[in-house]
């Protein structure tokens, strides 16, 4: 269903739900600078913006064309994934027990070589559906066939920052010329499109797969087009060994010396850092994106998140690929992130506090993706990217109010994406009472299975 | 609603659903010795037992009084939690960021001292409700006021193994005499009761809080009554230091020398083990219960699960207390367990494979709780403790069938307890289409909140 069809679908219910929505009596977790929580509050949306946020007692003026009862629900800014590969969602659950190199050789490279545009569309549609159903309203994505991914994002109603995986290593399923051209086309055609919901970056993949020249080219073009960079950085110890072996310095120092790093860079992983590198990330205002589930499953180590946060580095949180995360649910990711950091730090009850985890996937990710002014919190003037989470459930009981509250702890440690009831992006309702309006759930799920079979058969792969 | 009322409630729908249920066209994950998966199979239940398991093509004979369509669903043995404290569920989300000792002093001891029977009943009811809703059909529980917990378990329709936290240290909220008497009464009154769904153990809590005499007394009584022991073992490095300081040997060796260990012992945690201790656990056939979320959150370290499994030790999986796990969902616990072990091992894609995680919370836990012959797998002659999991969902798509399948990976890494649609315990339907029949969900949730407020107020605690 296209966005226009979706709007028509909703207009069967109320006359013009998009221009004016009032959400009443919700517990608002604003994620503003003061981490303000409004226990019984309201939010008014006009067109794509939040125009009022306040206590229920202060609500003035009439209702709205669409009034949502937020009683028993938390209203949050939509969650953001700082690092995703929507083209790999079709490989969910593959290759458990395989060494990553083996996984890549056996499944990923052949799969990627056989992946056509409409396959990427199907994989991205499945991704968008899963993200909407778990309360993710925006994501940073990097892969191939990004034109198709952009179409899927446009049709889903989500917000995203898209980039092409730029590579020129021998094993890569693409080349410097091809990936540079594709990324430039993507930027030209899609940056600022889909009512402004899609923006673009350049995606020099990683120091191991993209040459010095390709990184420099990507930086130059990013500057020319006024967009950012989405890269992988120091994910494995072998990444570090490779860079030291080839360039004589560690990856962060190497990229910094090339002038690649900066506040417009999304740097996925940043697991293996020495003290100097952490300092360089801070000085350059680079945005590390932590991907705890994938890093744990692939056994690459754990990023020093608590240390980076303490230094004031803007660390975000990402889902990475379904092929190694297996569930694209930022609520689950927050819990895993907190638990793993507690282990890494050997510190009890939180190397990352629940509030910090929530900040990582809202305000921090918004800033990292270049949307700091427009999304990431529930504040007047920001885009209406909002979710409602059902709190009246056994696994979030009791809910305690006093000098402190366990509300945020319950959201981070107890909730899952399945507790999200309502998703609004850019002022448009994408899910209500868990019914997604922009996508035909059954059709997307069926097409995903058929598509994977076709790709595997084309690649000569047998599960 | 009592069990009898519930039966009456169901008999409004069909004449006698309890005597004869047929589940058709489900994907059966049997968890038998061969890990057999039947892609399109059926299970027939008569009274409390599984009487037929087979391929749909082999289904003979008429229907049944209740026929469930399992299409698009996985049928699994109900999951089992090997270590739980249902009396602490009311403290969910408390004390984040506090050192464990501080958490205990500030919240747990005062809470426990103020906890009366009906408070424990409310906390256990909330626990049972959450467990049913996430597909847990049996749990091992240890706390105070276990008479009230037993009543809650009986009324919920679940299966459980219950024990009293036996302690005689100075700080403990009980004494040797009192806890011994209470545990003996519990065994006398409840072992084998509630249509056989409740069994009991003795619960000498931990080497730090229970003296040599109390451990010996518990062992002697367990032998006299023919029941097992439920203990905490080597959870923290301080536990080890304490035992070495006081008894000159490490905890496992100490308890082994007293004759405490054996195949009837549930030993929660077993995080800090040396090689000799691992060997003693194996020789004595003691059952370690791994509690990954709680161990991670409290930062105590990680149990050497992969090593123990490789040695052939029967390791189970537990949820531990909601106060430090925050969600009583064995599906989420399996994923966290796998991810943490991958980190502990520094091994990619699985220190614990998905199948092993599923085995830990089905057959391994069944054996650990002393129910190895009656539950833990979908096999003829076993009790009908079964769950159905909805597979046709974006976050479990695609589902691939070939020489291998990603089914078990999707169940362990992608599913959550929210995907469970149907729960049957002892042949009785406790949940259907996510409606719990044995408990009034809204009332249980409301009562939990009121009860916590009352207990905190009685204890002079302010959140």
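Protein chains in written order, with the working numbering: chain A, 356 to 818; chain B, 356 to 818.
For every residue, glycine included, the Cβ atom is placed at its ideal position computed from N, Cα and C.
Sub-8 Å separation of residue i and residue j beta-carbons
i: residue 761 (chain A); j: residue 448 (chain B); result: yes
i: residue 481 (chain A); j: residue 796 (chain A); result: no
i: residue 430 (chain A); j: residue 384 (chain A); result: yes
i: residue 671 (chain A); j: residue 723 (chain A); result: yes
i: residue 446 (chain A); j: residue 799 (chain A); result: no
i: residue 450 (chain B); j: residue 443 (chain B); result: no
i: residue 620 (chain A); j: residue 584 (chain A); result: yes
i: residue 563 (chain A); j: residue 597 (chain A); result: yes
i: residue 816 (chain B); j: residue 465 (chain B); result: yes
i: residue 714 (chain A); j: residue 386 (chain A); result: yes
i: residue 660 (chain B); j: residue 591 (chain B); result: no
i: residue 750 (chain B); j: residue 684 (chain A); result: yes
i: residue 541 (chain B); j: residue 501 (chain B); result: yes
i: residue 657 (chain A); j: residue 698 (chain B); result: yes
i: residue 624 (chain B); j: residue 580 (chain B); result: no
i: residue 803 (chain A); j: residue 753 (chain B); result: yes
i: residue 694 (chain B); j: residue 691 (chain A); result: yes
Chain-ordered chain B contacts of residue i [CB-CB under 9 Å]
i: residue 494 (chain A); result: By Cβ distance, chain B contributes nothing, its closest Cβ being about 15 Å from residue 494 (chain A), past 9 Å.
i: residue 818 (chain A); result: 755, 756, 757, 758, 759, 760, 761
i: residue 635 (chain A); result: Ordered by position in chain B, no residue passes the 9 Å Cβ test against residue 635 (chain A), which lies about 26 Å from the chain.
Among the options, nearest to residue i - alpha-carbon criterion
i: residue 490 (chain A); options: A:682, A:797, A:392; result: A:682
i: residue 650 (chain B); options: B:640, B:634, B:626; result: B:626
i: residue 606 (chain B); options: B:810, B:635, B:470; result: B:635
i: residue 644 (chain B); options: B:745, B:579, B:717; result: B:717
i: residue 587 (chain B); options: B:715, B:755, B:422, B:437; result: B:437
i: residue 516 (chain A); options: A:713, A:524, A:530, A:507; result: A:507
i: residue 419 (chain B); options: B:406, B:426, B:428; result: B:406
i: residue 601 (chain B); options: B:466, B:565, B:472; result: B:565
i: residue 767 (chain B); options: A:680, A:502, A:660, A:594; result: A:680
i: residue 709 (chain A); options: A:696, A:701, A:547; result: A:696
i: residue 549 (chain B); options: B:533, B:505, B:616; result: B:505
i: residue 397 (chain B); options: B:423, B:404, B:389; result: B:423
i: residue 439 (chain A); options: A:593, A:792, A:486; result: A:486
i: residue 642 (chain A); options: A:578, A:652, A:666; result: A:666
i: residue 427 (chain A); options: A:594, A:662, A:394, A:404; result: A:394
i: residue 727 (chain B); options: B:573, B:415, B:432; result: B:432
i: residue 614 (chain B); options: B:639, B:629, B:495; result: B:639
Rounded distance between the beta-carbons of residue j and residue i, thought under 8 Å
i: residue 735 (chain B); j: residue 741 (chain B); result: That pair is no contact at about 13 Å.
i: residue 782 (chain B); j: residue 402 (chain B); result: 5 Å
i: residue 558 (chain B); j: residue 520 (chain B); result: 5 Å
i: residue 399 (chain A); j: residue 377 (chain A); result: 5 Å
i: residue 453 (chain A); j: residue 461 (chain A); result: 7 Å
i: residue 576 (chain A); j: residue 539 (chain A); result: 6 Å
i: residue 688 (chain A); j: residue 647 (chain A); result: 7 Å
i: residue 509 (chain B); j: residue 492 (chain B); result: Not confirmed; about 15 Å, so no contact.
i: residue 569 (chain A); j: residue 531 (chain A); result: 5 Å
i: residue 560 (chain B); j: residue 522 (chain B); result: 5 Å
i: residue 477 (chain A); j: residue 806 (chain A); result: 4 Å
i: residue 512 (chain A); j: residue 755 (chain A); result: About 36 Å; that fails the 8 Å criterion.
Where residue i meets chain B, residues with beta-carbon distance less than 7 Å
i: residue 771 (chain A); result: 771, 773
i: residue 803 (chain A); result: 752, 753
i: residue 485 (chain A); result: 749, 750
Residue i: contacting residues in chain A (beta-carbon distance under 8 Å)
i: residue 796 (chain B); result: 749
i: residue 651 (chain B); result: 694, 695, 697, 698
i: residue 765 (chain B); result: 447, 448, 681
i: residue 701 (chain B); result: 654, 656
Within chain A, the residues that residue i reaches when beta carbons sit closer than 7 Å
i: residue 657 (chain B); result: 698
i: residue 415 (chain B); result: By Cβ distance, chain A contributes nothing, its closest Cβ being about 32 Å from residue 415 (chain B), past 7 Å.
i: residue 691 (chain B); result: 691, 694
i: residue 449 (chain B); result: 761
i: residue 488 (chain B); result: 749
Check: residue i C-beta below 7 Å from any heavy atom of the ligand ZN
i: residue 487 (chain B); result: Ligands in the displayed structure: none, and consequently the ligand ZN is not present.
Amino acids of chain B, ordered along the chain, whose beta-carbon sits closer than 8 Å to that of residue i
i: residue 800 (chain A); result: 747, 748, 749, 752
i: residue 510 (chain A); result: Ordered by position in chain B, no residue passes the 8 Å Cβ test against residue 510 (chain A), which lies about 15 Å from the chain.
| task | Would you check if there are 3 or more beta carbon pairs closer than 8 Å linking the stretch 743-759 of chain B to the stretch 769-786 of chain B? | result | Contact between the stretch 743-759 of chain B and the stretch 769-786 of chain B is established, with three or more Cβ pairs separated by less than 8 Å.
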